[in-house]
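One structure is given below, encoded as structure tokens.
Residue numbers (the working numbering): 600 to 707.
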């Protein structure tokens, strides 16, 4: 067992693994009661992206930049998909002589 000995004249022995496991267990139990699903996901996001070490305003700036980037990707992706379909590239492959591959047809 791992023991901590404070000095030669003090013979206080502390069982380190059991102490740490009981402290970790009580902290984990307290943390689980306190955090709901959304809080856990925000904590996971902050730890994964490294935002836990930033100030509140830096975190806010990063989140705004991420939301702007996601909006840009979704907006331009939808525009590209619409132009790709309307431009005839996908229509030509889907509609051969006005028929769908399964034999049906689309009214114009």
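C-beta: ideal position from N, C-alpha, C; glycine also.
First and last residue of the alpha helix (DSSP H) that includes residue 676?
-> Bounds of the alpha helix (DSSP H) holding residue 676 are 655–685.
Answer yes or no: do residue 650 and residue 639 have a C-beta to C-beta separation smaller than 8 Å?
-> Cβ atoms of residue 650 and residue 639: not closer than 8 Å.
Measure the C-alpha to C-alpha separation of residue 646 and residue 653 and round it to an integer number of angstroms.
-> Put simply, the backbone Cα of residue 646 is about 11 Å away from that of residue 653.
Does the beta-carbon distance from residue 642 to residue 648 come in below 8 Å?
-> Taking 8 Å as the cut-off, the beta carbon of residue 642 is found no closer than this to the beta carbon of residue 648.
Taking the C-alpha atoms as reference points, what is the distance between residue 673 and residue 664?
-> Their Cα atoms are separated by approximately 14 Å.
What does a CB cutoff of less than 7 Å around residue 656 pick up in its chain, not counting 5 residues either side in sequence?
-> No residues qualify anywhere along the chain.
The alpha helix (DSSP H) spanning residue 648 covers which residue range?
-> For residue 648, the enclosing alpha helix (DSSP H) starts and ends at 636–648.
Separation of residue 676 from residue 637, as counted between CA atoms = Cα to Cα, the separation comes out at about 28 Å.
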